[in-house]
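Numbering (the working numbering), first residue to last: 12 to 339.
Here is the structure we will look at.
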């Protein structure tokens, strides 16, 4: 069977533009879907070459939907009727309705759109819920999450890659030891971009995998995402005894209600910028107060000098009057 790497190497149709690592990883990630009636959504198709390659790679695909905001994509045509194109902004209700009319559920979603953090987070919130169980959501070009022009930065708490990192905490929600919903660790990001995602959807996240510039989020039934009961097998306990009593037990997280690192109102990195801005505002107020104090001190000094001068003048006039009146 021809690999995805080979298909890219031999492709002569519409232009497809992808980094080498992506092609290699996709061959690994998507191989289990090759012989299935896969339903694929690709956000951002440009010249359409990737859709042509997908139509060859997924020979049994049910539908391959591409979407792009570029109006010029409307002129693209494809030999395979399985390839459908929606020219619109995927993060609008109108575009989402058109996409879901073609396929209400997808097995693979690839986000190769604007690469702006806000768009990536919103696309995930819109289309991960439409992913079938056993499906994968892939976000490409996350190197842009480190760049300011794409709403990112190495320590930006609201970058797309920061969002996907938080999903690791979501997966481990049952071990937090505090009574908070899964979405609590996403609250700042969701508020920043005006989006939402249901707790049930978050419970369906099975794994989060990072490769250079790529994040792969897998979806399975919520029951398959919990740690599950303990399994103890074997008879010999020559080093550590008592394991058989633990058979079938569940892991109960110790309370972390008194753990200051588990009960913060928000992530420290999200609090930093507002606190820095508050500090700058306070420093500006302090500088203004110091300037006002300096002016007040100068005014006080001038007033004291005037009083002293008046006293000297008054004393001199009083002395002169005394001498005129009573003599020296």
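Don't be surprised by glycine CBs; every beta carbon is placed ideally from N, CA and C.
Problem - CA nearest to the CA of residue 12, picked from 22, 70, 31, 226 - result: 70
Problem - Own chain partners of residue 74 with C-beta closer than 7 Å, once the 5 adjacent residues on each side are dropped - result: 50, 93, 95, 113, 114
Exercise for the section: Go ahead and label residue 118 buried or exposed: buried means 16 or more other beta carbons lie within 10 angstroms of its beta carbon, across all protein chains shown. Expected result: buried
Exercise for the section: Measure the CB-CB distance between residue 251 and residue 236 and report whether it falls below 9 Å. Expected result: no
Practice task
Go ahead and pull the three-state DSSP assignment for residue 327.
Solution key: helix
Handout entry: Environment of residue 32 [buried if 16+ CB atoms lie within 10 Å]
Key = exposed
Problem - Through-space distance from residue 188 to residue 122, alpha-carbon basis - result: 34 Å
Practice task
Tell whether a beta-carbon distance below 9 Å holds between residue 128 and residue 101.
Solution key: no
Exercise for the section: Measure the CB-CB distance between residue 228 and residue 286 and report whether it falls below 9 Å. Expected result: no
Practice task
Kindly give me the distance between the Cβ atoms of residue 230 and residue 208, rounded to whole angstroms, as I take these residues to be in contact under 8 Å.
Solution key: No, residue 230 and residue 208 are not in contact; Cβ-Cβ is about 13 Å, not under 8 Å.
Problem - From 30, 238, 78, residue whose alpha carbon lies closest to that of residue 52 - result: 78
Exercise for the section: Could you pull out every residue in the same chain whose Cβ sits closer than 8 Å to the Cβ of residue 210, ignoring the five residues on either side in sequence? Expected result: 192, 193, 194
Handout entry: Beta-carbon separation (whole angstroms), residue 97 vs residue 110, contact threshold 8 Å
Key = 5 Å
Handout entry: Contact belief for residue 149 with residue 225 at Cβ below 8 Å, rounded distance in angstroms
Key = 6 Å
Handout entry: Nearest-angstrom beta carbon gap, residue 173 and residue 167 [assumed within contact, 8 Å]
Key = 6 Å
Exercise for the section: Tell me residue 95's beta-bridge partners as DSSP assigns them. Expected result: 76
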